[in-house]
Amino acid sequence: MGSVVAIAVIAVVSVLTGGHVKTQNGQAVSPLVGKTIKVIKAPGVTSTSVESPWASGHPTVMIFFGSWCSICHSEMPKIETYFRSHDVAPVSVFGDDNNEPLSDAKAFVKKLGLTFPVASDPNNAISVGIFDFSFGDPETVFLNKKGVVKEVRLGAISISELRQGIAALTAA
Numbered sequence: 005m006g007s008v009v010a011i012a013v014i015a016v017v018s019v020l021t022g023g024h025v026k027t028q029n030g031q032a033v034s035p036l037v038g039k040t041i042k043v044i045k046a047p048g049v050t051s052t053s054v055e056s057p058w059a060s061g062h063p064t065v066m067i068f069f070g071s072w073c074s075i076c077h078s079e080m081p082k083i084e085t086y087f088r089s090h091d092v093a094p095v096s097v098f099g100d101d102n103n104e105p106l107s108d109a110k111a112f113v114k115k116l117g118l119t120f121p122v123a124s125d126p127n128n129a130i131s132v133g134i135f136d137f138s139f140g141d142p143e144t145v146f147l148n149k150k151g152v153v154k155e156v157r158l159g160a161i162s163i164s165e166l167r168q169g170i171a172a173l174t175a176a
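Shown next as structure tokens:
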């Protein structure tokens with residue numbers, strides 16, 4: 005349901021701004037697909053700093069979230085459980101807790117027991133400044149080992165969609 009709403013929002017914004025929505029297999033394709041994202045170095049939520057895994061040649065699942073996001077409260081524990089119980093090597097996971105103070109981000113990450121690196125993005129420098137997300141969280145981005153965006157999922161992601169995105173990264 006969330007992806008249907010996200011597709012509808014993309015289509016409406018595109019029409020209103022005179023753009024065109026690219027589709028693939030009936031799904032809207034983000035304009036980010038095919039773009040190379042620069043290496044991200046940011047303050048970490050549970051460490052001094054974090055760096056995007058593609059800087060070291062790792063395909064990456066990047067997850068954007070925040071404690072203020074009601075969907076994230078149910079989605080993030082499922083994602084964490086999946087990554088703890090499945091070997092997804094060589095794919096890495098990288099989080100972006102955005103639009104909130106570091107203290108709120110720390111409390112949320114601790115409460116959920118997230119074990120992957122998470123960037124603190126209180127002013128949306130990454131989520132809006134680099135990725136141009138303005139629809140709200142959650143979002144999931146699949147990047148290859150060179151930082152090229154392969155897929156973007158707006159809204160909640162199912163474990164099936166997560167598994168498919170990871171499989172596509174490891175097949176490339």
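Numbering of the sequence shown is given in the working numbering, commencing with residue 5 and proceeding in unit increments. No residue lacks a Cβ here, since even glycine has one placed at the ideal position from N, Cα and C.
As assigned by DSSP and simplified to three states, the class of residue i
| i | result |
| --- | --- |
| D108 | helix |
| K82 | helix |
| G169 | helix |
| R157 | strand |
| A59 | helix |
| S4 | Past the boundaries of the shown model lies residue 4; the chain is included only from 5 to 176, so the question cannot be answered. |
Interface flag, residue i vs chain C, CB-CB below 8 Å
| i | result |
| --- | --- |
| E104 | Within the model displayed, chain C is absent; a lone protein chain is all it includes. |
Residue i vs residue j beta-carbon contact at 8 Å
| i | j | result |
| --- | --- | --- |
| F112 | D101 | yes |
| S68 | F139 | Looking at the sequence itself, residue 68 is Phe, so the reference to Ser does not match. It is not a contact, given that the beta carbons lie outside the stated cut-off. |
| Y86 | I134 | no |
| A160 | I75 | yes |
| T50 | V152 | no |
| V156 | S56 | no |
| E79 | P142 | yes |
Residue i burial status per 10 Å Cβ neighbour count (16 or more: buried)
| i | result |
| --- | --- |
| R88 | exposed |
| G38 | exposed |
| P94 | exposed |
Check your understanding: Looking at C-beta atoms only, is the number of pairs between the region 164-175 and the region 62-69 that lie closer than 8 Å three or more?
Key -> yes
Check your understanding: Would you call the region 141-154 and the region 114-127 in contact, with 3 or more CB pairs under 8 Å?
Key -> no
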